[in-house]
Amino acid sequence: MNALIEAIAGAAADWRNPGHPRRRQSVERTLKADNRFTEQSIAFAINQQMEQLTINNLHNWVRDRCTPEALKVGVLNAGNIPMVGLQDYLAVLLTGHAYRGVVSSKSPALMPAFAASVERRVPWVDSEFVSVDQLWSAAEALLATGSDVTADWCRRKARRHGMPGDRCLVRGHRYSIAVLDGRENSDDCDRLAEDVMLHGGAGCRSVALIFAPRTLEPDRYLESLALCSTVFPPHPATSGALAMSQALLKAIDTPHAYGEGLEFLVSRGGPDVQGPGHVRWAVYDELEEAVAFIDQREDELQCVAARPHLHRRLPDCCMVVELGETQRPPLDWHPDGVDTVAFLAGLSGNLPRPEG
Amino acid sequence: MQITTLESRFTRAEEGQSFLTMARAVQDYQRAHCRMYAAYGLDHLPVEAFKRVPVTTFDPAEAEAVFESSGTGQSAVSRHYVRCLQVYRRSVCTHFAAVAGPGPFTILAHLPGYAVQTSSLVCMVQLLMERFGTAESAFFLDDCLPLERAMAGSAAPIVLFGAAFGLLDLVDRQVWPLPADSLVIETGGMKTYRQAITRSELHQRLAEGFGLPTRRIWSEYGMCELMSQAYAKGGGVYQPPPWMRVSVVDSQQPDRVLPDGEPGALAVIDLANLYSVSWLLTEDLGVGHRHGFEVLGRLPASALRGCNFLIPSA
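Top to bottom, those sequences are chains A and B. Counted the way my numbering counts, the first sequence spans residues 1165 to 1520. Counted the way my numbering counts, the second sequence spans residues 193 to 506.
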């Protein structure tokens, strides 16, 4: 495993350089694919993840949790944000399994290119990108992420291919929320804006709902959103996509605010999740209302972002993070509350592999 | 074109120019009489609007009926104010006769909550019973006597409507061998069942449970926001009536129609929605086929944020 960890860390070191040829070429291909990624959001996603792939971090994450029996693990990668499947790729290989990945047409190039950088260093690593059909004929275990429909489909396909249910880790769709108390400073506002805006609102870690005290004026938070849209300009299609939502809000007299070029849309109302790029500003009279929402929707939430002072007042049932952290998942984070490494290591028992 | 003309002619809409002409005429009327739709300004109105405000071209207090969605959890309820039940009756009955025949039928309905007066589905079945049903037609739930009586000898072919999970519960209890000319029409609700299953698995189990070939297991697609229904006559491809058009669009850019086979949001033009809004964007995920459309599931906004459209077909 040491050689593999060194190879991953080495590949990541190369990829921290935006001019690295393999990174540059895969970014160019990604920008041409049918997605809403921007140059800036791709760069952020790559840099954020590559920074974490150090030898120490990788060791501390996996902690010698390896499988005694290697399986071919099929991975259906979501394509909603750039490099979203990297953690699964690393977890499969570092726990000693073989990787069989399917990339989304929305993000076809980044993961295979990074995998190629790893394989150049450790050619013996058993990793391959395959078609969906090839995955089902090859895979003995499954990691998948998607909508409810996708998740149902994955479970059914797995069952049909004789894959035991306990070898499937199928994650559903989730979203993240922020809870404000009005004491946020300008840095907090900017960090919240990144949580909301960075990937055009896509992805389970993007903040879709903001709980705020009823008396809180949203102006300075909106200013931060506007500022963030200059640092991370949204995809050109975003304004077109938001036009329908804005038209409806206007037609039904719902208070709302939007960026000058419709880069974002914030509406006031009940705590209902809207489409990407459209954030709901839900007010509370007592913080307990937000707490109750979190308790009731635990299974739908990925992260709750709030100032540290609020953390102890929020339920510990889901991942509570600081403002500005939702788009910066640590290497060892648990999507949907499940430790992927533990799942993979436990597929055939959970025996520590001897050092070396 | 006057609204009274449209009201009398909408069931005669045909493919091609006449449908689009009528659709634009209806839209003009609705924009002139529904301030909210006029303010909206775009073509397809998200069905979410029905949860927020009365979507009407008339005073809602004058509605002959109000259809409500069943609603789940804390989600808001959709309300469709129906100005003229006669329009609904014509839409429901004309299309049913076109797909199932002129009747009569012994219409049985296994629909939980059939006492709920605001259910458009219950209203639809009641109208069908009035128009096509024999005296044996009935709603039932736990007491299956109406079904047993019909099986013992019905004067007319049996048409059994039911929510998917309810029908599955029925056939889990025992086999109900229906006469060969019977029809079973499931009205959706598969997600409510213990475990989501595919439509083909559902139909297979219903076919076995009712002793019918799968071609006699149909599906109905409707919702309280629509005055018309589409039927899938065996298999999963629905065909709408001539006065209803369903297209598959990019849910984020509804003016972008997707090619057949590519999943997206179902956008509907239902001319029978004369006095509300005809051009609607549903929250259903579907895929277009040459002769109809398939429904893959729900498309909530939260799913769009993390959605992964890998599925080639249901």
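Even glycine gets a Cβ: it sits at the ideal position worked out from N, Cα and C.
- Residue range 1339–1343 is occupied by the beta strand (DSSP E) that includes A/A1342.
- Shown here, B/A241 sits in a helix according to DSSP, grouped into three states.
- Of A/A1372, A/D1417, A/A1262, the smallest CA-CA separation from A/L1356 is found for A/A1372.
- Sequence-ordered contacts of the stretch 314–347 of chain B with chain A are nonexistent [C-beta pairs closer than 7 Å].
- DSSP assignment within the stretch 328–394 of chain B yields the following whole beta strand (DSSP E) runs of 3 residues or more, N-terminal first: 350–354, 375–378.
- Counting the other CB atoms within 10 Å of its CB gives B/T248 a total of 16 or more, which places it among the buried residues.
- Using a Cβ-Cβ cut-off of 7 Å, A/A1302 is close to nothing in chain B; its nearest Cβ partner there is about 16 Å away.
- The beta-carbon distance between A/P1440 and A/G1510, rounded to whole angstroms, is 34 Å. This is too long to meet the 8 Å contact definition.
- Taking 8 Å as the cut-off between beta carbons, the residues of the stretch 446–468 of chain B near chain A are P446, in sequence order.
- In this model, A/G1434 and A/A1411 are separated by some 18 Å (Cα to Cα).
- The three-state secondary structure of A/S1403, taken from DSSP, is helix.
- Short of 8 Å from the beta carbon of A/S1295, and not among the five residues preceding or following it, lie these beta carbons of its own chain, in chain order: V1266.
- Within the stretch 216–228 of chain B, the residues whose Cβ lies closer than 9 Å to some Cβ of chain A are R227, M228, listed in chain order.
- Cβ-Cβ distances below 8 Å link A/R1461 to nothing in the same chain once the five nearest sequence neighbours on each side are left out.
- A/S1281 is the residue among A/A1308, A/S1281, A/D1496, A/A1305 whose C-alpha sits nearest the C-alpha of A/A1171.
- Using a Cβ distance threshold of 9 Å, A/G1238 and A/W1300 count as a contacting pair.
- Excluding five sequence positions before and after B/L319, the CB atoms of its chain that fall closer than 6 Å to its own CB belong to R281, V284, given in chain order.
- DSSP places A/D1252 inside the alpha helix (DSSP H), whose first and last residues are 1250–1258.
- Among the CB atoms of chain B, none fall inside 9 Å of the CB of A/M1275.
- When C-alpha distances from B/G489 are compared across B/A464, B/L463, B/T390, the shortest belongs to B/T390.
- Rounded to the nearest angstrom, the Cβ distance from A/D1436 to A/R1378 is 17 Å, too far for a contact under 8 Å.
- In the DSSP assignment, B/E412 falls outside any alpha helix (DSSP H) and within the unbroken beta strand (DSSP E) covering 409–413.
- In chain order, T298, T326, E328, P371 place their CB closer than 8 Å to the CB of B/S346, counting only its own chain and leaving out the 5 sequence neighbours on each side.
- Within 10 angstroms of the beta-carbon of B/D476 lie 16 or more other beta-carbons, which makes it buried.
- Within the stretch 1316–1333 of chain A, D1316, W1317, C1318, R1319, R1320 place their CB atoms closer than 9 Å to a CB of chain B, listed in sequence order.
- Residue pairing for B/K425: DSSP places it in no beta bridge.
- Listed in chain order, the positions of the stretch 1405–1416 of chain A with a beta carbon within less than 7 Å of a beta carbon of chain B are A1405, M1408, A1411, L1412, K1414, A1415, I1416.
- A/H1475 is the residue among A/K1321, A/A1322, A/H1475 whose C-alpha sits nearest the C-alpha of A/A1454.
- Residues of the stretch 1436–1463 of chain A with a C-beta less than 7 Å from any C-beta of chain B: V1437, Q1438, G1439, P1440, listed in chain order.
- In this structure, the straight-line span from the alpha carbon of B/F357 to that of B/G381 is close to 6 Å.
- Flagged as an interface residue toward chain B: A/A1401, by a C-beta distance shorter than 9 Å.
- Rounded to the nearest angstrom, the Cβ distance from B/R397 to B/V363 is 6 Å, consistent with a contact under 8 Å.
- Contact of B/G427 with chain A is not assigned, every C-beta pair being separated by 9 Å or more.
- Contact annotation for B/Y232 against chain A: A1411, L1412, A1415 [CB-CB distance below 7 Å, chain order].
- Comparing C-alpha distances from B/S200 to each of B/T286, B/L333, B/S311 shows the shortest one belongs to B/T286.
- The alpha carbon of B/E260 has as its nearest neighbour, out of B/L333, B/S311, B/R227, the alpha carbon of B/S311.
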